[in-house]
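Written out below as structure tokens is the structure these notes cover.
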Amino acid sequence: NILRNLINQVPMPLFGNSVQAVLATLHNVIGIDLNDPRTTWYGEQFHVMSVLFPQEDLAANPLQLLIFCIAGFGVLRSRSSTIAYLYVSLIAAFCVFSGLLKWQPWHSRLLLPLFSPSTVVSWAILLEKRKLLRFAMATSASLAVLVLAFNVSRPLISYDLVYPFVKRLLTTDVDQYFNPRPYWEEPYREVSSEVAERGPAVIGIDLMDGFEYPFWVLLKQKQAGITIVPRQETSQYIFYTATAPRPYQRQHCIQAPTTGTYGCSAEL
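All the letters of the sequence shown, read from the start, carry residue numbers 37 to 304 under the working numbering.
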């Protein structure tokens, strides 16, 4: 998990496949799969990112990681034991984080409480390297503007202006809700249509990744009089997502593309 969390922060446009293969080999050596459910969030697949993906759940922190690594050489010459203690503590916190939590593709967001103080510590160590810090500041500001302008959930600048080969411009809110996890769009749309056709009913939800808001929006648009409750409450039907269909007698399942997971509607 330490390796996967580190690699998640470094987009690799040229050697991504090679790095992925090396990681898979290392996992095989220790006798587990790269996406072993004991170390990986349910149904998620690890992929080396080839670009800096401008989305709040998946955006990496390559510059912050690079500055922190450079600052490591400065720690050896630092006269401040407090700075050295903080630097080592951040590394230890990262290791504890990786050991306690299963790997998830949105770990970049969860690691922000560590990246924020690591940036402050790095700058304190490299305070005499003014040119390096100015370069880092300018690069960071430029990347921030680009990520905000081309955020895939709410782009301020149309992708059609930059990528003529884009199939279509995301124009509706519902389409944009699926940008973080596009593989769920087909199952959610099909199941929501099926549920709406049944008419007013109570449906429970049990989603392995908690990605429920788009399903609420789709049902609200259809105005089908559906009441949604948590799985543990009494319901007539259930909408669930899982790595394999459950043994319900009457259900309809749609396999999500690329992930091998399922979105299913079942009668209880």
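Built from N, CA and C at the ideal position, the CB exists for glycine as well.
The structure displayed is predicted, hence computed values, not measured ones.
- Boundaries of the beta strand (DSSP E) around P266: I262 to P266.
- Rounded to whole angstroms, the gap between the alpha carbons of Q81 and I161 is 37 angstroms.
- DSSP places Y298 in the uninterrupted beta strand (DSSP E) bounded by Y298 to E303.
- Assignment of F109 by DSSP, reduced to helix, strand and coil, places it in the helix class.
- With a contact defined as Cβ atoms closer than 8 angstroms, P90 and N187 qualify at about 5 angstroms.
- Remark: C-beta atoms of E222 and I290 approach each other more closely than 9 angstroms.
- Annotation for Y273: no alpha helix (DSSP H) segment contains it, though the beta strand (DSSP E) segment containing it runs Y273 to A278.
- In the three-state DSSP reduction, W139 falls in the strand class (E or B).
- Check the Cα spacing between K258 and each of F247, E230 and M85: the tightest is with E230.
- Between Y298 and E248, the alpha-carbon positions lie close to 14 angstroms from each other.
- DSSP places V238 within a strand segment (E or B) once states are collapsed to three.
- The C-beta distance from I264 to A232 rounds to 12 angstroms, too long to fall under 8 angstroms, and the pair is not in contact.
- Taking a cut-off of 8 angstroms for Cβ pairs, the region 136-156 and the region 87-105 touch, as three or more such pairs fall below it.
- When secondary structure is reduced to three states using DSSP, Q287 falls in the strand class.
- For V253, the enclosing alpha helix (DSSP H) stretches over residues Y249 to K258.
- Under the criterion of beta carbons closer than 8 angstroms, V87 and P49 qualify as touching, at roughly 6 angstroms.
- Under the DSSP assignment, I161 falls in the alpha helix (DSSP H) whose first and last residues are L148 to I161.
- In terms of Cβ geometry, F109 and V157 do not form a close pair [threshold 9 angstroms].
- Here A302 is buried. Its C-beta has 16 or more other C-beta atoms within 10 Å.
- Secondary structure at T75: coil, using DSSP grouped into helix, strand and coil.
- A Cβ-Cβ distance of about 20 angstroms is found for the pair N64 and S134, leaving them out of contact under the 8 angstroms criterion.
- A direct Cα-to-Cα measurement between R166 and Q45 gives close to 25 angstroms.
- Excluding residues up to 5 positions away in sequence, V84 and S86 lie with their Cβ nearer than 6 angstroms to the Cβ of G52 in the same chain.
- When C-beta atoms of the region 66-73 are compared with those of the region 120-127, fewer than three pairs fall below 8 angstroms, so the two segments do not count as touching.
- In this structure, the beta-carbon distance from I38 to F151 does not fall below 9 angstroms.
- Check the Cα spacing between S154 and each of L102, Y224 and Q140: the tightest is with L102.
- When the five nearest sequence neighbours on each side are left out, the beta carbons in the same chain lying within less than 7 angstroms of the beta carbon of V55 are those of I43, M48 and V84, in order along the chain.
- By the Cβ-count criterion, P236 is exposed, with fewer than 16 other Cβ atoms from all chains shown falling within 10 Å of its own Cβ.
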